[in-house]
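Residue numbers (this note's numbering), protein chains in the order written: chain G, 324 to 649; chain E, 7 to 293; chain Z, 2 to 254.
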């Protein structure tokens with residue numbers, strides 16, 4: 324084995340300098356390959372399962388608004404995912420808009436305004452928020468949030484229906500607005516954690532410099548937030564991607580109706596809630612499973628794009644501003 | 007004109023108050039959620055008694071004897087246990103690879119893969135496992151598919167967490183370990199990894215909490231069967247979060263009560279695991 | 002009014018239960034440089050942070066005694082007023098990495114509303130950069146981030162940022178310790194002319210006796226939390242009355 328092609332290949336990895344190192348690396352490669360295999364398998368599955376519907380409908384499956392499931396007559400079936408894609412993006416945008424001030428405030432309050440004695444128990448609370456299963460949030464959304472949103476939303480739609488956001492009178496509390504608020508509640512601790520991590524990395528000397536100029540506490544916070552702005556953007560982008568992928572909580576409160584409407588007081592649907600609610604019946608139809616996988620492909624693409632962009636953006640910023648070597 | 011000190015003082019006070027108010031507003035939902043889960047959960051469990059609630063199968067249509075969550079709980083234990091075991095076996099070597107070959111392309115690549123997978127929507131993992139194991143290998147919903155899906159959900163998180171723990175081992179300890187002259191394998195697993203055991207254990211605990219609480223990966227894999235104990239890996243089964251999801255949507259009071267009771271059991275597990283993790287390390291990272 | 006820009010009276014500081022400063026008193030006449038010298042770890046930086054009320058940020062710090070700026074106790078003022086009037090330059094250059102060179106200097110005047118117009122702000126920025134002897138090197142690239150500057154330039158940028166809030170007193174914490182000799186000379190020069198031409202009062206902390214004598218009008222020798230000796234620089238340098246001071250000048254402490 325010494326000097327063989329495998330050995331030469333292994334030695335090209337930095338830190339491999341002996342036969343012992345080679346064996347060590349070889350033993351650990353399968354674990355790394357598993358991760359690669361998982362990503363490739365996911366991509367492969369989603370492409371393969373999307374092919375039937377795409378080869379029948381073409382790109383229309385992503386741009387059409389019709390959703391027609393016909394049992395026993397595959398030729399009459401037609402699936403357009405646009406309302407679901409629209410709903411995913413719309414609810415996630417609402418969530419991020421609400422989560423932005425909340426998560427920034429939460430991060431600043433914990434890092435800057437909480438006395439050291441309280442910090443431990445408070446961050447336990449936020450950790451718990453992040454660790455609480457989504458089904459529990461869904462349960463709360465279904466049993467508490469939706470019924471309590473209903474009177475607010477009906478009031479808004481009867482008094483401010485000239486605003487397109489509230490143009491439709493809600494028939495129940497299961498609306499786009501409810502899903503957006505629930506998603507905001509769920510993503511706030513996550514975005515706050517990303518922001519906090521960057522905020523706590525700010526060197527003491529920078530903080531002292533801000534104070535030494537005679538800035539008030541709020542002004543110092545503003546300067547420091549300016550410094551971690553990229554992490555706020557990245558944290559919210561990651562929160563957006565998570566919201567797009569969120570399934571059970573949303574499907575319990577959004578009402579699941581295939582419509583495209585600007586009105587947040589109307590019920591709607593998201594790609595993942597569509598998959599969750601339709602997957603059980605999809606076997607009765609010829610193309611529906613494929614259409615749902617095509618929806619998965621959309622979430623896949625949105626998630627991957629947002630994640631790659633956010634991670635790249637953060638890395639650039641760490642190198643440039645924080646002076647962290649790549 | 008210089009901005010007056012008084013105006014800035016006022017602005018400072020108002021601004022800080024707004025920040026604190028928003029921060030409090032963002033944690034209030036969790037407190038209300040805990041309150042609701044406890045009140046409704048206790049109510050549901052008290053009707054039949056804790057022991058029977060934890061061991062009996064559910065009768066979602068029977069208001070006289072609603073039963074409990076026994077099969078779902080056992081299913082959850084089976085799924086989470088398997089997932090944790092398998093995920094640890096893969097995540098640990100992956101994290102060692104990331105930490106020991108720091109600076110190499112393979113280390114950075116593995117870390118990037120893990121970080122990407124961490125952020126992947128769990129519904130996609132569930133669908134993938136459905137396509138492979140349910141649709142092709144077994145030909146029906148089965149517990150194995152659920153265990154695999156949960157493994158894939160927690161694996162990347164655990165790999166990242168363990169690699170960070172390993173990276174935190176001081177260089178001095180590493181050098182001392184290597185200076186003893188054991189093979190690299192022995193050095194890493196007998197000396198370096200134990201130095202990072204707290205961090206690794208926390209990763210396993212958080213992984214456990216996630217495995218116990220995830221619903222979306224189970225939607226298309228385990229099927230959801232709660233009448234009897236289904237431990238066979240090739241057959242349908244159930245789990246607590248999936249049961250909550252399915253029962254809360256039923257228009258029957260006993261079914262919904264069962265869901266609230268199950269939610270309390272689930273939250274108790276999560277809180278317990280989190281407290282345990284907190285005892286081990288000061289900062290727990292859940293991302 | 003006492004005629005002194007800064008008076009420190011019986012300053013005692015405890016950090017995490019450890020006494021750092023034990024009854025430090027000295028006075029700085031207006032438009033002079035007072036060098037506070039002493040070996041490292043003797044409490045010089047802590048003293049500057051106490052004057053600037055930066056120790057307010059440290060819950061472990063207990064500060065006793067009085068500090069007067071133009072006769073008024075800092076305890077009667079808001080901390081941010083104290084910090085603007087007696088602003089500080091730190092040992093390590095610490096410009097805000099996310100702001101341009103221009104914005105780094107402009108941030109203080111913006112906070113305090115010192116400029117009525119963009120032109121006035123430009124004037125202040127230019128004045129501060131000129132005073133810090135940096136203007137000629139950066140005037141064509143004010144929009145660059147500070148990461149494009151050398152370490153010495155970054156330190157002069159930190160000085161310009163401090164000057165732009167129009168302080169009465171400048172507290173310098175070993176401003177040349179981490180800077181190359183050429184930049185160190187520029188910074189010393191900038192400080193002398195600031196005192197001469199702008200009437201700013203300077204407290205210059207350094208662990209190098211030669212630098213202390215070179216830059217200052219008055220010397221305060223701090224050792225182990227106490228003032229061992231103080232007086233006009235020339236006198237102290239030529240005839241140190243305390244053997245410890247002599248030892249410090251010989252480089253034996």
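We treat Cβ as the ideally placed atom computed from N, Cα and C, and that holds for glycine. Note that the coordinates shown come from a computational prediction; the quantities given were computed from them, not determined experimentally.
- Task: Could you tell me which chain G residues have their CB closer than 7 Å to the CB of residue 164 of chain E, listed as they occur along the chain?
- Result: The residue labelled residue 164 of chain E in the question sits at position 158 within the second chain. Under the 7 Å cutoff, chain G gives no residues; its nearest Cβ is about 11 Å from residue 164 of chain E.
- Query: Do you know how far the Cα of residue 239 of chain Z is from the Cα of residue 226 of chain Z?
  - Reply: What you label residue 226 of chain Z is simply residue 225 of the third chain in a count that begins at 1. What you label residue 239 of chain Z is simply residue 238 of the third chain in a count that begins at 1. Taking the straight line joining both Cα atoms gives about 24 Å.
- Query: For a contact meaning CB atoms closer than 7 Å, what does residue 16 of chain E contact in chain Z?
  - Reply: The sequence position of residue 16 of chain E within the second chain is 10, counting from 1. Under the 7 Å cutoff, chain Z gives no residues; its nearest Cβ is about 12 Å from residue 16 of chain E.
- Message: Tell me the rounded alpha-carbon separation between residue 38 of chain E and residue 610 of chain G.
- Response: For the purposes of this step, residue 38 of chain E is identified with residue 32 of the second chain, where counting begins at 1. For the purposes of this step, residue 610 of chain G is identified with residue 287 of the first chain, where counting begins at 1. Approximately 43 Å, taken between the alpha carbons.
- Query: Where residue 195 of chain Z and residue 134 of chain Z are concerned, what is the direct C-alpha to C-alpha distance, given to the nearest angstrom?
  - Reply: Translated into the one-based positions of the third chain, residue 195 of chain Z becomes position 194. Translated into the one-based positions of the third chain, residue 134 of chain Z becomes position 133. Between residue 195 of chain Z and residue 134 of chain Z, the C-alpha separation is close to 11 Å.
- Message: Suppose only complete runs of 4+ residues qualify. What are the alpha helix (DSSP H) ranges in the segment 103 to 178 of chain E, listed by chain order?
- Response: 111 to 124, 128 to 135, 149 to 173
- Cutoff 8 Å; reference residue 108 of chain E; Cβ partners in own chain excluding five residues on either side: Your numbering for residue 108 of chain E matches position 102 in the second chain. So the qualifying residues of the chain are 173.
- Go ahead and pull the three-state DSSP assignment for residue 410 of chain G. For the purposes of this step, residue 410 of chain G is identified with residue 87 of the first chain, where counting begins at 1. If DSSP states are grouped into helix, strand and coil, residue 410 of chain G belongs with the helices.
- Task: Closer than 6 Å by C-beta to residue 222 of chain E: which residues in its own chain qualify, once you throw out the five before and the five after it? Chain order, please.
- Result: Here residue 222 of chain E is taken as the residue at index 216 of the second chain, counted from 1. Same-chain partners within the cutoff: 128, 129, 132.
- So with Cβ pairs under 8 Å, would you call residue 2 of chain Z a contact of chain E? In the third chain, counting from the first residue as 1, residue 2 of chain Z sits at position 1. At residue 2 of chain Z the pLDDT is 46, less than 50, meaning the model places this residue with poor confidence and gives no usable figure here.
- residue 378 of chain G to residue 142 of chain E span [Cα, whole Å]: In the first chain, the residue the question calls residue 378 of chain G occupies position 55. In the second chain, the residue the question calls residue 142 of chain E occupies position 136. Those two C-alpha atoms are separated by around 22 Å.
- Query: DSSP puts residue 15 of chain Z in a beta bridge; with which residues?
  - Reply: Here residue 15 of chain Z refers to the residue found at position 14 of the third chain. DSSP output for residue 15 of chain Z lists Z:20, Z:63 as bridge partner(s).
- Query: Considering only the beta carbon of each residue, do residue 284 of chain E and residue 447 of chain G sit closer than 8 Å?
  - Reply: Sequence index remark: in the second chain, residue 284 of chain E carries index 278 (1-based). Sequence index remark: in the first chain, residue 447 of chain G carries index 124 (1-based). Using a Cβ distance threshold of 8 Å, residue 284 of chain E and residue 447 of chain G count as a contacting pair.
- Start-to-end residues for the alpha helix (DSSP H) that takes in residue 629 of chain G: As a working mapping, residue 629 of chain G is identified with position 306 in the first chain. Residues 611 to 640.
- Item | Euclidean distance between Cα positions of residue 85 of chain E and residue 245 of chain E | Position 79 of the second chain holds residue 85 of chain E. Position 239 of the second chain holds residue 245 of chain E. Rounded to whole angstroms, residue 85 of chain E to residue 245 of chain E spans 8 Å at the Cα level.
- Query: Along chain Z, in chain order, which residues have C-beta atoms closer than 7 Å to that of residue 216 of chain E?
  - Reply: Taking the first residue of the second chain as position 1, residue 216 of chain E is located at position 210. Under a criterion of Cβ atoms nearer than 7 Å, no residue of chain Z is adjacent to residue 216 of chain E; the nearest Cβ is some 35 Å distant.
- Give the residues of chain Z in contact with residue 11 of chain E, contact being defined as C-beta atoms less than 7 Å apart. Position 5 of the second chain, counted from the first residue, corresponds to residue 11 of chain E. Under the 7 Å cutoff, chain Z gives 79, 82.
- Close-in-space but distant-in-sequence residues of the same chain around residue 570 of chain G (CB under 8 Å, 5 per side omitted): Stepping through the first chain from its first residue, residue 570 of chain G is reached at position 247. 457, 595, 596, 598, 599.
- For the beta strand (DSSP E) holding residue 173 of chain Z, just list the boundary residues, first then last. Start at 1 with the first residue of the third chain, and residue 173 of chain Z comes out as number 172. Taken as a continuous stretch (DSSP letters only), the beta strand (DSSP E) holding residue 173 of chain Z covers 170 to 174.
- Query: Does the beta carbon of residue 66 of chain Z sit closer than 8 Å to a beta carbon anywhere in chain E?
  - Reply: By 1-based counting over the third chain, the position of residue 66 of chain Z is 65. No - not a single Cβ of chain E is within 8 Å of the one on residue 66 of chain Z.
- 8 Å Cβ cutoff, residue 582 of chain G in contact with chain Z: Taking the first residue of the first chain as 1, we reach residue 582 of chain G at position 259. So no, residue 582 of chain G is outside the interface.
- Item | is_contact[residue 93 of chain Z, chain G] using C-beta, thresh 8 Å | Position 92 of the third chain, counted from the first residue, corresponds to residue 93 of chain Z. Closer than 8 Å: yes.
- Task: List the residues of chain G whose Cβ lies closer than 7 Å to the Cβ of residue 60 of chain Z, in chain order.
- Result: Here residue 60 of chain Z refers to the residue found at position 59 of the third chain. The answer, in chain order, is 439.
- In angstroms, rounded to a whole number, what distance separates the CA positions of residue 217 of chain Z and residue 205 of chain Z? For the purposes of this step, residue 217 of chain Z is taken as residue 216 along the third chain, with counting starting at 1. For the purposes of this step, residue 205 of chain Z is taken as residue 204 along the third chain, with counting starting at 1. Those two C-alpha atoms are separated by around 8 Å.
- Alpha carbon to alpha carbon, what distance is there between residue 103 of chain Z and residue 144 of chain Z? Residue numbering aside, residue 144 of chain Z sits at position 143 when the third chain is read from its first letter. Residue numbering aside, residue 103 of chain Z sits at position 102 when the third chain is read from its first letter. Their backbone Cα atoms lie some 6 Å apart in a straight line.
- Item | Secondary structure of residue 127 of chain Z, DSSP reduced to three states | Counting from one through the third chain, the residue named residue 127 of chain Z turns up at place 126. Per DSSP, reduced to three states, the secondary structure at residue 127 of chain Z is helical.
- Run down chain G in chain order and give the residues with a C-beta less than 9 Å from the C-beta of residue 138 of chain E. Counting from 1 along the second chain, the entry for residue 138 of chain E is found at position 132. Those within 9 Å of residue 138 of chain E in chain G are 364, 368.
- With a 10 Å radius around its C-beta and 16 neighbouring C-beta atoms as the bar for buried, classify residue 46 of chain E as buried or exposed. The count along the second chain starts at 1 and reaches residue 46 of chain E at position 40. That one is buried.
- Item | Euclidean distance between Cα positions of residue 15 of chain E and residue 538 of chain G | One-based indexing of the second chain puts residue 15 of chain E at position 9. One-based indexing of the first chain puts residue 538 of chain G at position 215. Going by the C-alpha atoms only, they are around 10 Å apart.
- Neighbour flag for residue 428 of chain G against chain Z, beta carbons, 8 Å: Locating residue 428 of chain G in the first chain gives position 105, where the first residue counts as 1. Chain Z, which has no Cβ nearer than 8 Å to the Cβ of residue 428 of chain G, makes this no.
- Taking a Cβ distance cut-off of 7 Å, strictly less, list which residues of the segment 227 to 252 of chain E are near chain G, in chain order. 247, 250, 251
- For residue 74 of chain Z, the residue or residues it bridges with in DSSP: Residue 74 of chain Z sits at position 73 when you count from the first residue of the third chain. Per DSSP, Z:69.
- Task: Spatial neighbours of residue 521 of chain G within its chain, please: CB distance less than 7 Å, with the 5 preceding and 5 following residues excluded, ordered by chain position.
- Result: The residue given as residue 521 of chain G occupies position 198 in the first chain. Excluding positions up to five away in sequence, the list reads 551, 554.
- Message: Is it the case that the segment 436 to 443 of chain G contacts the segment 252 to 259 of chain E, given that we only count it when at least three CB pairs across the two stretches are under 8 Å?
- Response: no
- Query: Where does residue 83 of chain E sit, in a helix, a strand or coil, going by DSSP?
  - Reply: By one-based count along the second chain, residue 83 of chain E stands at place 77. Correct three-state label for residue 83 of chain E: helix.
- Message: Residues of chain G with CB closer than 7 Å to the CB of residue 35 of chain E, please, in chain order.
- Response: Taking the second chain and counting its residues from 1, one reaches residue 35 of chain E at position 29. Listed along chain G, the residues sitting closer than 7 Å to residue 35 of chain E by beta-carbon distance are 508.
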